[in-house]
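A.B. asks:
Protein chains: 2
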Amino acid sequence: MKRISFEDGLIYSFRPELASVATVQSGETMEFVCQDSCGGLIRSEKDTLDRLDFNRVNGATGPVQVADSRPGDVLRIRIKQIQVAREGFLSILPKAGVLGDDVPEPKTKMVPLDGDVAVFSKGVRLPIRPHVGTIGVAPRDKEWTTFYPGDHGGNLDTKEISQGHAVYLPVFQPGAQLAMGDIHALMADGEVCVTGIEIAGRVRVQVDVLRGPSLHRPVVETPKEWMALASAPTLDEAARLATRDGVDLLSRGAKLPWEDAYMLASIACDLRISQAVDPWRTAKLVIPKTLMRHLPA
Amino acid sequence: MKRISFEDGLIYSFRPELASVATVQSGETMEFVCQDSCGGLIRSEKDTLDRLDFNRVNGATGPVQVADSRPGDVLRIRIKQIQVAREGFLSILPKAGVLGDDVPEPKTKMVPLDGDVAVFSKGVRLPIRPHVGTIGVAPRDKEWTTFYPGDHGGNLDTKEISQGHAVYLPVFQPGAQLAMGDIHALMADGEVCVTGIEIAGRVRVQVDVLRGPSLHRPVVETPKEWMALASAPTLDEAARLATRDGVDLLSRGAKLPWEDAYMLASIACDLRISQAVDPWRTAKLVIPKTLMRHLPA
Chain P
94 MKRISFEDGL
104 IYSFRPELAS
114 VATVQSGETM
124 EFVCQDSCGG
134 LIRSEKDTLD
144 RLDFNRVNGA
154 TGPVQVADSR
164 PGDVLRIRIK
174 QIQVAREGFL
184 SILPKAGVLG
194 DDVPEPKTKM
204 VPLDGDVAVF
214 SKGVRLPIRP
224 HVGTIGVAPR
234 DKEWTTFYPG
244 DHGGNLDTKE
254 ISQGHAVYLP
264 VFQPGAQLAM
274 GDIHALMADG
284 EVCVTGIEIA
294 GRVRVQVDVL
304 RGPSLHRPVV
314 ETPKEWMALA
324 SAPTLDEAAR
334 LATRDGVDLL
344 SRGAKLPWED
354 AYMLASIACD
364 LRISQAVDPW
374 RTAKLVIPKT
384 LMRHLPA
Chain S
94 MKRISFEDGL
104 IYSFRPELAS
114 VATVQSGETM
124 EFVCQDSCGG
134 LIRSEKDTLD
144 RLDFNRVNGA
154 TGPVQVADSR
164 PGDVLRIRIK
174 QIQVAREGFL
184 SILPKAGVLG
194 DDVPEPKTKM
204 VPLDGDVAVF
214 SKGVRLPIRP
224 HVGTIGVAPR
234 DKEWTTFYPG
244 DHGGNLDTKE
254 ISQGHAVYLP
264 VFQPGAQLAM
274 GDIHALMADG
284 EVCVTGIEIA
294 GRVRVQVDVL
304 RGPSLHRPVV
314 ETPKEWMALA
324 SAPTLDEAAR
334 LATRDGVDLL
344 SRGAKLPWED
354 AYMLASIACD
364 LRISQAVDPW
374 RTAKLVIPKT
384 LMRHLPA
């Protein structure tokens with residue numbers, strides 16, 4: 094199995110022109126070895142976010158060229174396994190996060206793992222559920238730092254991009270140029286304090302090039318749901334785009350008139366928040382597979 | 094058991110000065126008989142929202158005075174049972190809902206129930222989960238039409254205000270002045286098309302006056318969660334207020350420093366959308382009861 098590490102390739106922006114450090118074939122399984130979002134620089138509670146160079150955070154391992162992928166294709170990335178390090182951290186910073194105005198000073202909390210349990214404090218132990226925070230491809234026409242989420246993926250911070258699930262990304266450039274990083278051992282919808290449990294780890298994925306579906310923006314697949322993801326400067330705008338995409342998918346996928354799909358979404362498809370802090374926000378419309386078995390062509 | 098109907102009292106705005114049509118004691122169980130949100134005027138697919146007088150929609154049955162409740166108290170309304178009519182409807186309107194700009198013309202869809210299943214179409218049958226869309230008390234100092242959600246409750250459109258759950262509202266005026274209506278047989282988070290399955294029904298509630306907790310805004314309790322609700326003109330602002338309230342509750346309720354509660358919320362408390370259309374939006378921070386057993390004083 095192919096493996097690439099952040100030591101082989103590490104990017105801080107997704108650009109239309111990215112030089113790959115490896116190539117995979119459609120259908121191949123490979124592993125990405127990832128730093129934590131702060132490049133291993135947070136090692137104790139003395140290390141706070143204000144000391145970091147923000148041009149050097151959220152590095153993504155890659156990019157990897159996917160053979161024979163072309164603009165208009167869709168890349169399906171099935172997350173086969175995420176292995177995380179033994180310790181992660183949470184960190185807050187004035188002016189960052191949903192309540193940034195209320196944060197008096199930077200603070201870091203180290204969070205050791207006890208097997209599959211995060212030890213937040215003596216009394217608060219939480220089962221981990223690792224996900225990939227940043228995953229993306231070379232975008233259509235502008236440069237996005239790995240801090241931002243967008244149509245190309247990037248810093249989506251969507252907790253369902255986790256083991257056993259899949260993310261679908263539109264291909265904008267020849268070879269797609271897949272990169273990922275920013276693993277979280279645990280995060281809730283919203284990522285309100287601006288970090289999850291940030292942690293290093295290894296992500297095993299199976300990558301497929303699909304010619305069937307046509308997507309503008311990322312979609313996540315779980316065993317029971319499709320999620321249409323959209324990112325924008327405000328939650329309201331992200332919510333509108335996710336709803337528009339999701340209703341369009343549902344209309345085509347379930348062969349319903351658009352008006353019926355819109356009404357059905359209102360009673361059966363939750364509109365949710367992936368993250369509200371990155372600094373663009375990501376929303377998701379959740380379509381049960383009972384309503385739509387497959388992504389429409 | 095006391096019962097009041099929309100024929101006894103029906104309000105189209107929550108105002109500081111409301112004249113009650115009945116009185117209940119703390120601990121008493123009573124029933125509210127409610128019209129659908131459009132006052133029974135939508136009876137077939139020919140009846141569309143553009144024909145309605147928007148000063149006469151979303152009527153709430155009540156108000157009911159709760160004996161011995163005073164400003165600063167909290168009203169707990171436990172939803173014991175919601176019985177709904179045999180048919181409801183969905184309706185869309187240009188410029189309304191998350192995708193209002195995409196709606197070419199008004200359209201209504203009647204949705205009959207087959208027992209506890211909503212028959213959206215021949216192929217799409219969905220189990221119902223009725224909730225109370227509008228529930229509120231006399232507000233502190235201004236008038237809110239029953240169309241709006243706010244600190245007093247109102248058009249919260251929160252799907253968890255359902256049988257077996259409870260909603261907690263701050264009391265702003267002597268006697269609280271409780272009213273409710275706008276029942277939905279089914280709705281998803283977001284209520285993206287601007288309606289759920291709108292339906293008439295009866296709501297049996299048990300009302301308690303609590304002197305312990307102190308709340309600024311509505312809280313919903315389910316068997317496993319507390320939800321701090323907040324409403325504002327934008328999703329971003331509603332999300333910020335819900336997060337601020339929820340983190341404050343968690344800090345006091347779990348006896349954690351504020352910074353720790355903020356970080357814990359980021360990994361364990363989902364920030365979600367109740368509705369994105371009313372025209373103010375309602376967000377909720379979801380606190381698992383494993384982290385906080387009781388509402389703090």
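Going down the list, the protein sequences come from chains P and S.
If you read the first sequence in this note's numbering, its first letter stands for residue 94, the second for the next number, and so on.
If you read the second sequence in this note's numbering, its first letter stands for residue 94, the second for the next number, and so on.
Where a beta carbon is used, it is the ideal one built from N, C-alpha and C, also for glycine.
Keep in mind it's a predicted model, so treat the numbers as computed, not measured.
Is DSSP giving A189 of chain S helix, strand or coil here?
C.D. replies: Locating residue 189 of chain S in the second sequence gives position 96, where the first residue counts as 1. Three-state DSSP puts A189 of chain S in coil, outside helix and strand.
A.B. asks: Report yes or no: is there a C-beta of chain P within less than 9 Å of the C-beta of T116 of chain S?
C.D. replies: Taking the first residue of the second sequence as position 1, residue 116 of chain S is located at position 23. No, T116 of chain S does not count as interfacial toward chain P.
A.B. asks: Would you say the segment 350-363 of chain S touches the segment 297-312 of chain S, given that touching needs at least three Cβ pairs under 8 Å?
C.D. replies: No: fewer than three Cβ pairs fall under 8 Å.
A.B. asks: Classify G165 of chain P as helix, strand or coil using the three-state DSSP reduction.
C.D. replies: In the first sequence, the residue the question calls residue 165 of chain P occupies position 72. DSSP places G165 of chain P in coil when its eight states are reduced to three.
A.B. asks: Starting from the beta carbon of F240 of chain S, find every residue of chain P whose beta carbon is closer than 8 Å, and list them in chain order.
C.D. replies: For the purposes of this step, residue 240 of chain S is taken as residue 147 along the second sequence, with counting starting at 1. Correct list: empty, because the minimum Cβ distance to chain P is about 17 Å.
A.B. asks: Where G208 of chain P and L145 of chain S are concerned, what is the direct C-alpha to C-alpha distance, given to the nearest angstrom?
C.D. replies: Your numbering for residue 208 of chain P matches position 115 in the first sequence. Your numbering for residue 145 of chain S matches position 52 in the second sequence. Cα-Cα distance, rounded: 60 Å.
A.B. asks: Start and end of the alpha helix (DSSP H) containing S307 of chain P?
C.D. replies: Residue 307 of chain P sits at position 214 when you count from the first residue of the first sequence. Element bounds for S307 of chain P: n/a, residue is neither H nor E.
A.B. asks: Is it the case that the Cβ atoms of V177 of chain S and P223 of chain S are separated by a distance below 9 Å?
C.D. replies: Against the second sequence, residue 177 of chain S aligns to sequence position 84. Against the second sequence, residue 223 of chain S aligns to sequence position 130. Yes, the Cβ-Cβ distance between V177 of chain S and P223 of chain S is below 9 Å.
A.B. asks: So what's R365 of chain S in DSSP terms, helix, strand or just coil?
C.D. replies: For the purposes of this step, residue 365 of chain S is identified with residue 272 of the second sequence, where counting begins at 1. R365 of chain S falls in the strand class under three-state DSSP.
A.B. asks: Along the alpha helix (DSSP H) that carries D282 of chain P, what are the first and last residues, could you check?
C.D. replies: Taking the first residue of the first sequence as position 1, residue 282 of chain P is located at position 189. Neither: D282 of chain P is in no alpha helix (DSSP H) and is coded neither H nor E.
A.B. asks: CB T238 of chain P to CB S106 of chain P, shorter than 9 Å?
C.D. replies: As a position in the first sequence, residue 238 of chain P is number 145, starting the count at 1. As a position in the first sequence, residue 106 of chain P is number 13, starting the count at 1. Their beta carbons are under 9 Å apart, which means T238 of chain P touches S106 of chain P by this criterion.
A.B. asks: Under 8 Å Cβ-Cβ, which residues of chain P neighbour C286 of chain S?
C.D. replies: By 1-based counting over the second sequence, the position of residue 286 of chain S is 193. Those are Y355, M356, A358 and S359, listed as they occur along chain P.
A.B. asks: Please report the Cβ distance between G346 of chain P and H277 of chain P, rounded to the nearest whole angstrom; I am assuming they are in contact, meaning their Cβ atoms lie under 8 Å.
C.D. replies: What you label residue 346 of chain P is simply residue 253 of the first sequence in a count that begins at 1. What you label residue 277 of chain P is simply residue 184 of the first sequence in a count that begins at 1. The pair is not a contact, with the Cβ atoms about 30 Å apart (cut-off 8 Å).
A.B. asks: Roughly how many whole angstroms lie between the Cα atoms of R337 of chain P and H245 of chain S?
C.D. replies: Taking the first sequence and counting its residues from 1, one reaches residue 337 of chain P at position 244. Taking the second sequence and counting its residues from 1, one reaches residue 245 of chain S at position 152. Distance between the alpha carbons of R337 of chain P and H245 of chain S: 31 Å.
A.B. asks: If we cut at 9 Å on Cβ distances, does G133 of chain S have a partner in chain P?
C.D. replies: As a position in the second sequence, residue 133 of chain S is number 40, starting the count at 1. For G133 of chain S, the answer is no, since every Cβ of chain P falls outside 9 Å of its Cβ.
A.B. asks: Which residue's Cα is closest to the Cα of K56 of chain P: P:V159, P:D282, P:P197 and P:V230?
C.D. replies: Here chain P comprises residues numbered 94 to 390, so residue 56 of chain P is not present and cannot be evaluated.
A.B. asks: Start and end of the alpha helix (DSSP H) containing D329 of chain P?
C.D. replies: Residue mapping note: residue 329 of chain P aligns to position 236 of the first sequence, counting from 1. Element bounds for D329 of chain P: L328 to G346.
A.B. asks: Quick one: does I185 of chain S have its CB under 9 Å from some CB of chain P?
C.D. replies: Within the second sequence, residue 185 of chain S is the residue found at index 92, counting from 1. With 9 Å as the cut-off, I185 of chain S counts as an interface residue toward chain P.
A.B. asks: Looking only at its chain, what residues have a beta carbon closer than 7 Å to the beta carbon of D420 of chain S, apart from the 5 residues adjacent to it on each side?
C.D. replies: Since the first residue shown for chain S is 94 and the last is 390, residue 420 of chain S is missing from the structure and cannot be characterised.
A.B. asks: Let me check understanding here. Comparing Cα to Cα, which of S:G132, S:T375, S:D101 and S:F240 lies closest to K252 of chain S?
C.D. replies: As a working note, residue 252 of chain S is residue 159 in the second sequence. Among S:G132, S:T375, S:D101 and S:F240, the Cα nearest to that of K252 of chain S is on S:T375.
A.B. asks: Does the segment 158-171 of chain P come into contact with the segment 324-340 of chain P, if we say contact requires no fewer than three beta-carbon pairs (one atom in each stretch) closer than 8 Å?
C.D. replies: No contact exists between the segment 158-171 of chain P and the segment 324-340 of chain P.
A.B. asks: Counting contacts by CB-CB distance shorter than 9 Å, is S214 of chain S in contact with chain P?
C.D. replies: The residue given as residue 214 of chain S occupies position 121 in the second sequence. S214 of chain S counts as touching chain P.
A.B. asks: State the Cα-Cα distance for the pair V264 of chain P and D234 of chain P, rounded to the nearest angstrom.
C.D. replies: On the first sequence, residue 264 of chain P is found 171 positions in, with the first residue counted as 1. On the first sequence, residue 234 of chain P is found 141 positions in, with the first residue counted as 1. Taking the straight line from one Cα to the other gives about 12 Å.
A.B. asks: To which residues does DSSP link V298 of chain S through a beta bridge?
C.D. replies: Translated into the one-based positions of the second sequence, residue 298 of chain S becomes position 205. In DSSP, V298 of chain S forms a bridge with S:M123 and S:I172.
A.B. asks: Between L262 of chain P and chain B, is there a C-beta pair that is closer than 9 Å?
C.D. replies: Chain labels in this structure do not include chain B; the protein chains are P and S.
A.B. asks: Is it the case that the Cβ atoms of R310 of chain P and L334 of chain P are separated by a distance below 9 Å?
C.D. replies: Here residue 310 of chain P is taken as the residue at index 217 of the first sequence, counted from 1. Here residue 334 of chain P is taken as the residue at index 241 of the first sequence, counted from 1. Going by C-beta atoms, R310 of chain P is nearer than 9 Å to L334 of chain P.
A.B. asks: List the residues of chain P whose Cβ lies closer than 9 Å to the Cβ of R337 of chain S, in chain order.
C.D. replies: Here the question's residue 337 of chain S lines up with position 244 in the second sequence. What R337 of chain S touches in chain P: V191, L192 and D195.
A.B. asks: Quick one, which of S:G152, S:K173, S:P232 and S:A211 has its alpha-carbon nearest G165 of chain S's?
C.D. replies: Here residue 165 of chain S refers to the residue found at position 72 when the second sequence is read from its first residue. The shortest Cα separation from G165 of chain S among S:G152, S:K173, S:P232 and S:A211 belongs to S:P232.
A.B. asks: Looking only at its own chain, which residues have a Cβ that is under 7 Å from the Cβ of A331 of chain P, when we skip the five neighbours before and after it?
C.D. replies: Position 238 of the first sequence, counted from the first residue, corresponds to residue 331 of chain P. Excluding positions up to five away in sequence, the list reads A323, S324, A325, R374, T375 and A376.
A.B. asks: Report the neighbours of D282 of chain P on chain S: residues whose CB is nearer than 7 Å to its CB, in chain order.
C.D. replies: Translated into positions along the first sequence, residue 282 of chain P becomes position 189. Chain S residues near D282 of chain P: D363, L364 and R365.
A.B. asks: G294 of chain P versus chain S: which residues are under 8 Å apart at the beta carbon?
C.D. replies: If you number the first sequence from 1, residue 294 of chain P lands on position 201. Those within 8 Å of G294 of chain P in chain S number zero; the least Cβ separation is about 16 Å.
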